[in-house]
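Notes for the one structure printed next.
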Amino acid sequence: MSLTLRLFSIGFYRVNYDDNNWYLLINYLESEGYEKIAAVNRAQLLDDVLNLAQAGVLKYSTALELTQYMEKEADYIPWYSALNAFSFLN
């Protein structure tokens, strides 16, 4: 099974994957190879999943599962994206 990501895209839009692909992404981010996804793309995934959940398009459980990998995230860009999105939570 393959999964295609938007790499270094230019434009302002959200990407919502189907549930199966979100879970493939979650599993990959939880693996040791998560850094094979560029930091900017990890930030985009976090921004998309958290904002889609806030908009009611995606379950919060999916968004929060994706953020669990962040305990090992060392790059600033994904952290900035996640913290910015978390600031909108009530």
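For the sequence shown, the positions run 1 to 90 when UniProt numbering is used. C-beta: ideal position from N, C-alpha, C; glycine also. Nothing here was measured: the structure is a model prediction, and the numbers come from that model.
Please report the distance separating the alpha-carbon of residue i from that of residue j.
i	j	result
threonine 67	arginine 14	17 Å
lysine 59	glutamate 71	21 Å
alanine 85	serine 31	23 Å
Assuming residue i and residue j form a contact by the criterion Cβ under 8 Å, report the distance between their Cβ atoms to the nearest whole angstrom.
i	j	result
tyrosine 69	tyrosine 34	6 Å
isoleucine 77	valine 40	6 Å
tyrosine 80	alanine 55	Actually they do not touch by this definition, with Cβ atoms about 20 Å apart.
valine 57	asparagine 16	6 Å
Please classify residue i as buried or exposed, where buried requires at least 16 neighbouring CB atoms within 10 angstroms.
i	result
alanine 74	exposed
leucine 29	buried
leucine 25	buried
Between which two residues does the alpha helix (DSSP H) carrying residue i extend?
i	result
alanine 53	39-54
tyrosine 76	76-86
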